[in-house]
Amino acid sequence: MSDPAAVVMAPARGRSRGRGGSRREFPGGFRLVIGVAVVLVCYAEIAAWFREHDQHFAAGGVIELLIATPLLVEKDLGFAGAALLLLVAGFAIADATCGDGTARFVVRNSLRVIPLALIATVLTWAAYGSSRRWAHAELLFAAVIMLLFAWLTFRMFRREPWIAVAVQITLCSVATAVIPHVAGAAASPFGASATFGLAVVLGQTCWLVHAGHVPLWAGALLGVACWMTFVWGDRTGFGHDAGDANPLTLAYATVLMAAAVQVRAEIATGRIMSWLTSRSYPLLLTGPGVGVLVLSWLPAAVPADIRAVMAICVAGLLSDALYRAWDLPAQRLAGWVMDVLVDRVDHVPGVEDTTRLR
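Residue numbers (the working numbering): 1456 to 1813.
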């Protein structure tokens, strides 16, 4: 499943610029998580396309046998990449909101994300049309709604950010319980957004522990409460009858995320992973749609494995072109605007930056 919700994750170079021009390093395993999530999202889209067209390719069978079946998750690992990206988004939004001013946050994200998001919208419409897979747009709603709400609550409870997490868990649980009885099936997308948005809250919980705002035991309690609320929403019917796959996938993703953010040293990820993380925005926004378009255009006489490789290559080339043509210049422009203009607007006397990462 493509995940346009991931557009608000961490900066591609794995760093966040703090107030006054200082730079704060993200955890050593953070970039690795982003790279793994990108691979999972792109694989899930290709695997889902082959499965829906009753076709088989070698990599799909191997991954289903060795990973999906033993872990009791979806055959195409559909929610795995999305879960990781929502966790990353929650971690990054908490760090950015508590460490950056309002104007800085808006400038950095709007200059990079909005133009690419418009391109991705056109590609997605062309690739999926009225496909039932694109009907699962609640992942997009979950990210937009929960990230906006996270930004508001973290600004309100900046000195005690754990309260912001507790408030979000409470409101998501209330929405999950009330929405089905108030509006029935018509409100399913909103209930699903509240359910899947809890993955964003789990990412914020990981940040709370990592940044030292709460002890490990308190973070574990918040995480368990968040995950149980997700299970409740999934059982209510907002998980699209995936059985235990969604809760298990979110649990695996949370464990991976929690372990990755504890790595303080920089991980040597290699050139391929560095390429993936640096181009994560264009890859996630345009890669799946381009891959599906290529698979749709290629004749069925071409072997499935060759079509999969060609789809990956074309998506990678286009993403690299978008990175060089827009994403990289936009990063530089955003940095210049923030350094020259935004710091004058965002300075709030008497507010101490308590988000320095360990």
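Heads up, the beta-carbon is just placed ideally off N, CA and C, and yes, glycines get one too.
As the structure is a prediction and not an experimental result, all values here were calculated from the model.
Pull up the distance between the alpha-carbon of residue i and that of residue j, whole angstroms please.
i     : j     : result
G1533 : A1492 : 11 Å
I1518 : A1499 : 11 Å
L1773 : L1487 : 22 Å
R1506 : A1785 : 37 Å
M1683 : F1609 : 22 Å
E1615 : H1668 : 8 Å
Q1659 : G1646 : 20 Å
A1780 : G1771 : 14 Å
V1730 : L1539 : The sequence given here places Trp at residue 1730; Val does not occur at that position. The straight-line gap from Cα to Cα measures roughly 18 Å.
W1672 : P1525 : 30 Å
H1508 : G1790 : 45 Å
R1613 : V1633 : 29 Å
S1586 : I1767 : Note that S1586 has pLDDT 47, beneath the 50 cutoff, so the model's placement of it is unreliable and the number below is only indicative. If you take the alpha carbons of S1586 and I1767, they lie about 21 Å apart.
C1627 : L1603 : 14 Å
P1670 : R1726 : 36 Å
M1728 : D1699 : 30 Å
Can residue i and residue j be called in contact, C-beta distance under 8 Å?
i     : j     : result
F1651 : L1527 : no
T1732 : I1489 : yes
V1716 : G1484 : yes
E1529 : A1537 : no
A1680 : I1618 : no
F1685 : L1711 : no
A1549 : A1605 : yes
Between residue i and the rest of its own chain, which residues show a CB-CB distance below 6 Å, the 5 nearest in sequence each way excluded?
i     : result
A1535 : L1495 and T1704
L1738 : V1493 and S1774
T1709 : L1657
A1503 : D1531
V1655 : L1541, A1544, G1545 and M1601
H1665 : V1716
L1753 : R1762
Q1510 : A1759
L1777 : P1737
A1755 : none
Since I believe residue j is in contact with residue i (beta carbons under 8 Å), could you give me their beta-carbon distance rounded to a whole number of angstroms?
i     : j     : result
L1677 : V1620 : 6 Å
C1497 : G1746 : 7 Å
A1706 : C1661 : The pair is not a contact, with the Cβ atoms about 13 Å apart (cut-off 8 Å).
I'd like the list of long-range same chain contacts for residue i, defined as Cβ closer than 7 Å, with 5 residues on each side in sequence excluded.
i     : result
D1689 : T1650, N1701 and P1702
V1792 : V1562
M1765 : V1749 and L1753
G1674 : T1660, L1663 and V1664
V1769 : V1745 and V1749
L1520 : none
V1757 : none
To which residues of the same chain is residue i closer than 8 Å at the C-beta, ignoring the five residues directly before and after it?
i     : result
D1760 : F1512, A1513 and A1514
A1763 : I1501, F1505, F1512, A1514 and L1750
T1631 : G1646, A1649, T1650, T1684, W1687, G1688, T1691 and F1693
V1622 : T1608 and F1612
V1629 : none
Comparing the C-beta of residue i with each C-beta of chain C, is any distance below 8 Å?
i     : result
Y1498 : As a matter of chain content, chain C is missing from the structure shown, which is built from one protein chain.
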